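Peer 1: Below are the structure tokens for one structure; questions will follow.
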Amino acid sequence: MSKVRVLAGTRKGAFILTSDGKREKWDVSGPHFAGWEMYHLKGSPVDPNRIYASQTSGWFGQIIQRSDDGGKTWHQPGTPPGETTGPGGTPKGESNKFKYDASPETGKPLTTHQWYDGTQHPWEFKRVWHIEPSLTDADTVYAGVEDAALFRSTDGGKNWSELSGLRGHGTGPKWQPGAGGMCLHTIILDPKDPKRVYIAISAAGAFRTDDGGKTWKPINQGLRSQYIPDPTAEIGHCVHHIAMNPSRPGVLFMQKHWDVMRSDDAGDNWREVSGNLPTDFGFVIDVHAHEPETIYVVPIKSDGEHYVHEGKLRVYRSRTGGNEWEPLTKGLPQENCYVNVLRDAMAVDSLDKCGIYFGTTGGQVYASNDAGDSWNPIVRDLPAVLSVEVQTLA
Amino acid sequence: MIRVILPPHLRTLAHVGSEVTLEVAAPITIASILDALEDHYPMLRGTIRDHDTLQRRAFLRFFACEEDWSHEPADKILPETVASGKEPLVVVGAIAGG
């Protein structure tokens, strides 16, 4: 019988929730890495027992953790517990070393981006926001970091190198941090074209490579952001999240700072599909596992009030690929609710019916085992939830 | 033996107790102690000082003999009481944030 494993990253640790395919009763383990900010955990599609985690702290910096047994035990790749250094005292791996590539080989090594006051500011590594394991190799994994850049490891997370063509393509000096920092928070691997990758940065926009990361192009045509000097600029849009159904990798859905958008040509052009949403500000967006025109968002009142609209926690579902939205409220609090749902805190499983999961800044993880028709808190009163991922296990 | 006291989160990370003891060749400085610490516990690389610049992370402080050594040069000789193991080098996480 199928099983489901939910990986929840919170402000003060990680939690792993497991259930059978009915998704009614849940076992909770954790906190793992108690007291640390767990920005993201994600399992390998190739080996579901291989889970990568971003563990971070304002005091102690970045740690990458890896589990090879489905989250029961963890280690830092390259520096397992009990092992010290290799021959000659050299470290066996530096799994937390994210060094920006400034080598001449990159052609245009970038040293600065735009700062809040309009001046140029050096790139400074702060943390890993998002981890994306390869679709074909359990030892290959991508990391989206702040200050915005894309890194890749091909040895199971031991060592990381930057795909510097992204920062080097020319617009980097125009990138600027959003209120949460200048983070690369979305990485989408095209299942049909291994050389195509989509990423998104707050607040620079969306980018795509078609050559495995050597060169990149901004894909922001059609985005309109009134809060920047040129609302239709090539760069500077605060993209919050992008989602894709693997069966249609050229169709993308975006929750921008304001506006819900879709693209039917791999991001070359976008059009707004906010339609009848009560507010089109928000962070999360995801796509039904089996119905590629069914999408989900959680509208947030405004960029000045990061909580749900009218004190009601409502997921909105469109079965038409946008524009026409219905509120989903059964099982969700409909009064006095003022939580947020952050950009990486929604996921879908691949069971039938499709399960939808999201976590709140109030510490609840809600699940629906009927594609959003009804919801239950599968755990509540956790620290603020930063990310939610789900694994469907055979 | 040199004694080092780490903040609780780093003890968890390195799988050690409240105090670490290290053989450190002279001269006994903050830099030489951290070099030895990271050689024995490579998982601590980057958590106390930057990988490349070796600068102290902003929210950590170094204390020895009840004095703040955080802003002293990393290669300044520490007191004999630290070199003899009578007093520990204490790495303290700043009381800040949430």
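So the sequences go chain by chain: Z and U. Under our numbering, the first residue of the first sequence is numbered 2, with each subsequent residue one higher. Under our numbering, the first residue of the second sequence is numbered 91, with each subsequent residue one higher. We treat Cβ as the ideally placed atom computed from N, Cα and C, and that holds for glycine. These numbers were taken from a predicted model, which means no experiment stands behind them.
With Z:Ser369 as the anchor, note down where its beta strand (DSSP E) starts and where it stops.
Peer 2: Val366 to Ser369
Peer 1: What is the DSSP secondary structure of Z:Asp21, counted as helix, strand or coil?
Peer 2: strand
Peer 1: Measure from the C-beta of U:Gly107 to each C-beta in chain Z and report whether the shortest distance is under 8 Å.
Peer 2: no
Peer 1: For U:Ala126, which three-state DSSP category applies?
Peer 2: helix
Peer 1: Find the residues of chain U that neighbour Z:Glu25, judging by a C-beta separation of less than 7 Å, and give them in chain order.
Peer 2: Under the 7 Å cutoff, chain U gives no residues; its nearest Cβ is about 34 Å from Z:Glu25.
Peer 1: Flag this pair as yes or no: are the beta carbons of Z:Arg24 and Z:Gly356 separated by less than 8 Å?
Peer 2: One thing to note: Z:Arg24 has its Cβ within 8 Å of the Cβ of Z:Gly356.
Peer 1: Please classify Z:Arg67 as buried or exposed, where buried requires at least 16 other C-beta atoms within 10 Å of its C-beta.
Peer 2: buried
Peer 1: Relative to the C-alpha of Z:Gly294, which residue among Z:Val285, Z:Ser248 and Z:Pro134 is closest?
Peer 2: Inspection of the sequence shows that residue 294 of chain Z is occupied by Glu rather than by Gly. Per the C-alpha coordinates, the member of Z:Val285, Z:Ser248 and Z:Pro134 positioned closest to Z:Glu294 is Z:Ser248.
Peer 1: Grouping DSSP H, G and I as helix and E and B as strand, with all else coil, what is U:Thr119?
Peer 2: Judged by DSSP in its simplified three-state form, U:Thr119 adopts strand.
Peer 1: Buried or exposed: where does Z:Glu390 fall if 16 or more other Cβ atoms within 10 Å of its Cβ makes it buried?
Peer 2: buried
Peer 1: Flag this pair as touching only if the region 16-35 of chain Z and the region 110-119 of chain Z have three or more C-beta atom pairs under 8 Å; answer yes or no.
Peer 2: no
Peer 1: Rounded to whole angstroms, how far is the Cβ of Z:Ala201 from the Cβ of Z:Gln177, which I believe are closer than 8 Å?
Peer 2: Going by Cβ atoms, the distance from Z:Ala201 to Z:Gln177 rounds to 14 Å, so no, they are not a contact pair.
Peer 1: List the residues that DSSP assigns as beta-bridge partners of Z:Lys43.
Peer 2: Z:Tyr53
Peer 1: Z:Glu95 versus chain U: which residues are under 9 Å apart at the beta carbon?
Peer 2: Contacts between Z:Glu95 and chain U, judged by CB atoms closer than 9 Å, involve Pro132, Arg135, Gly136 and His141 in chain order.
Peer 1: Any beta carbon of chain U sitting closer than 8 Å to that of Z:Phe61?
Peer 2: yes
Peer 1: Is Z:Gly83 helix, strand or coil when you go by DSSP?
Peer 2: Its pLDDT being 49, under 50, Z:Gly83 is placed unreliably by the model, and the measurement read from it follows with that caveat. Under the three-state reduction of DSSP, Z:Gly83 is assigned to coil, being neither helix nor strand.
Peer 1: Among the candidates Z:Val261, Z:Phe34 and Z:Ser135, whose CA atom is the shortest distance from the CA of Z:Asn277?
Peer 2: Z:Val261
Peer 1: Mind pulling the beta strand (DSSP E) runs of 3 or more residues that sit fully within the region 333-366 of chain Z?
Peer 2: 347-349 and 357-360
Peer 1: Note down the Cα distance separating Z:Asp69 from Z:His131, rounded to an integer number of angstroms.
Peer 2: 19 Å
Peer 1: How many Å lie between U:Ala115 and Z:Pro49 at the Cα?
Peer 2: Between U:Ala115 and Z:Pro49, the C-alpha separation is close to 46 Å.
Peer 1: Counting C-beta neighbours from all protein chains within 10 Å, is the total for U:Glu109 16 or more, i.e. buried, or is it exposed?
Peer 2: exposed
Peer 1: When the cut-off is 8 Å and only beta carbons count, does U:Leu70 lie next to chain Z?
Peer 2: Shown here, chain U extends from 91 to 188; a query on residue 70 of chain U therefore has no answer.
Peer 1: Find the residues of chain Z that neighbour U:Ala184, judging by a C-beta separation of less than 8 Å, and give them in chain order.
Peer 2: Trp60
Peer 1: Could you list which residues in chain Z have their beta carbon closer than 9 Å to that of U:Leu150, in chain order?
Peer 2: Trp60 and Phe61
Peer 1: List, in chain order, every chain Z residue whose beta-carbon is nearer than 8 Å to that of U:Arg147.
Peer 2: Trp60, Phe61 and Gly62
Peer 1: Around the C-beta of Z:Arg272, are 16 or more other C-beta atoms found within 10 angstroms, so that it is buried, or is it exposed?
Peer 2: exposed
Peer 1: At the 8 Å Cβ level, is U:His99 part of the contact set with chain Z, yes or no?
Peer 2: Interface residue, yes.
Peer 1: Helix, strand or coil for U:Ala104? Go by DSSP, reduced to three states.
Peer 2: helix
Peer 1: Select from Z:Thr172, Z:Val142 and Z:Leu8 the residue whose C-alpha is nearest the C-alpha of Z:Gly31.
Peer 2: Z:Leu8
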